[in-house]
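K.L.:
Start counting the sequence shown at 59; every next residue gets the next number (the working numbering).
In this text, a Cβ means the ideal position worked out from N, Cα and C, and glycines have one as well.
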Amino acid sequence: MIHLTRAVRAGTAVEEIIVPGDLPIRSLQTIGDREIRGLSEVLIDCVESGASVGFMHPMSRAKAEGYWQSTSASVARGERVVLAAQDTAGRIVGTVQIILNQPENQPHRGDLAKMLVHRRVRRQGVGAALLVAAERSALSAGKTLLVLDTVTGSDAERLYARQGWQRCGQIPNYALWPDGRPCATTVYFKFLRN
Ligand SMILES: CC(C)(COP(=O)(O)OP(=O)(O)OC[C@H]1O[C@@H](n2cnc3c(N)ncnc32)[C@H](O)[C@@H]1OP(=O)(O)O)[C@@H](O)C(=O)NCCC(=O)NCCS
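Now the structure itself:
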């Protein structure tokens, strides 16, 4: 059980540990083999649970690790921030990303992506804590506008709406569920302020 009893500390540098309760959320400066294994566990669990997050069934370890290896290279190039929530045993249980590299006429914008929480720890506030940390991380990277898309009617949609994200609209047939059925997406944005 994860207890989220203390607030995320305001102004904490995201390179350091942000601690809501006893849940550390870290910005992964480098993503090595250990992190790739932990992040892959979370990604595989989410796809197996039926989430539409870029992958189809069957979800293999090789596909998951390949994704995190290329994400690791992207972090090293400074193109994105990867946050990871860990349980008290140090295992990664959730993650979210901010895509920083945008066209030169949108330096103030970032994309929020790959919000993933392992089923083992869902509905305990991990997703909400990751979202707060991601918004802080984006602000400290100079971003004042975040954009995301998420499956229409999903658990994630409620999470974003609850944390003040503005709904833009829905795109039918945007993607596929992992089993091949089409699904709609809803686009959200949020202006960030200190
Ligand atoms: C969407 C997702 C990230 C949410 O993660 P989470 O950690 O369960 O999120 P939270 O715990 O902050 O909130 C989830 C629910 O638990 C509730 N909750 C939070 N803490 C709680 C607690 N201590 N006791 C009871 N309920 C609690 C929230 O109110 C929320 O309720 P709702 O779904 O009825 O609105 C997770 O379901 C997930 O990974 N889904 C699969 C991947 C996916 O679709 N990602 C989105 C891509 S855009």
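1) Under a three-way DSSP split, which group does residue 248 fall into?
2) Can you tell me where the alpha helix (DSSP H) holding residue 143 begins and where it ends?
3) Do three or more CB pairs link the region 97 to 104 to the region 122 to 139 at distances below 8 Å?
4) Shorter than 7 Å, the distance from the beta carbon of residue 203 to the closest heavy atom of ligand 1, or not?
5) Under 7 Å from any heavy atom of ligand 1, does the C-beta of residue 184 make it?
6) Judging by CA-CA distance, which residue of 191, 111 and 139 is the nearest neighbour of residue 155?
7) Which residues in the same chain have their Cβ closer than 7 Å to the Cβ of residue 167, if we skip the five residues on either side of it in sequence?
8) Which residue's Cα is closest to the Cα of residue 215: 191, 230 and 245?
9) Measure from the alpha carbon of residue 108 to the alpha carbon of each residue in 227, 229 and 213, then state which is nearest.
10) Which residues mark the beginning and the end of the alpha helix (DSSP H) in which residue 121 is found?
11) Since residue 151 and residue 184 should fall inside the 8 Å C-beta cutoff, what is the C-beta to C-beta distance between them, to a whole number of angstroms?
12) Quickly, what does DSSP pair residue 205 with across the bridge? List them, please.
13) Helix, strand or coil, according to DSSP, for residue 192 in the structure here?
14) In the DSSP assignment, what are the bridge partners of residue 240?
15) What residue does the beta strand (DSSP E) around residue 83 start on, and which one ends it?
P.N.:
To lay it out plainly:
1) The count along the sequence shown starts at 1 and reaches residue 248 at position 190. For residue 248, the secondary structure class from DSSP, reduced to helix, strand or coil, is strand.
2) Stepping through the sequence shown from its first residue, residue 143 is reached at position 85. Per DSSP, residue 143 lies in no alpha helix (DSSP H) segment; the continuous beta strand (DSSP E) that holds it begins and ends at 138 to 144.
3) Judged by Cβ distances under 8 Å, the region 97 to 104 makes contact with the region 122 to 139, as three or more pairs qualify.
4) Residue mapping note: residue 203 aligns to position 145 of the sequence shown, counting from 1. No, the Cβ of residue 203 stays beyond 7 Å of every heavy atom of ligand 1.
5) The residue given as residue 184 occupies position 126 in the sequence shown. Indeed, a heavy atom of ligand 1 lies less than 7 Å from the Cβ.
6) Here residue 155 refers to the residue found at position 97 of the sequence shown. With distances taken between Cα atoms, residue 155 lies closest to 139.
7) For this step, residue 167 is matched to residue 109 along the sequence shown. Closer than 7 Å at Cβ, skipping near neighbours: 160, 201, 203 and 205.
8) As a working mapping, residue 215 is identified with position 157 in the sequence shown. When only C-alpha atoms are compared, the closest one is 245.
9) Translated into the one-based positions of the sequence shown, residue 108 becomes position 50. Closest option to residue 108, Cα to Cα, is 213.
10) One-based indexing of the sequence shown puts residue 121 at position 63. Segment 119 to 134, the alpha helix (DSSP H) holding residue 121.
11) Sequence index remark: in the sequence shown, residue 151 carries index 93 (1-based). Sequence index remark: in the sequence shown, residue 184 carries index 126 (1-based). Sure, about 6 Å apart at Cβ, within 8 Å.
12) Against the sequence shown, residue 205 aligns to sequence position 147. Within the DSSP bridge table, the entry for residue 205 names 169 and 247 as partners.
13) Here residue 192 refers to the residue found at position 134 when the sequence shown is read from its first residue. Of the three classes helix, strand and coil, the one that applies to residue 192 here is helix, per DSSP.
14) Counted from its first residue, the sequence shown places residue 240 at position 182. Partner(s): 234.
15) Along the sequence shown, read from residue 1 onward, the residue named residue 83 stands at position 25. First-last of the beta strand (DSSP E) with residue 83: 83 to 85.
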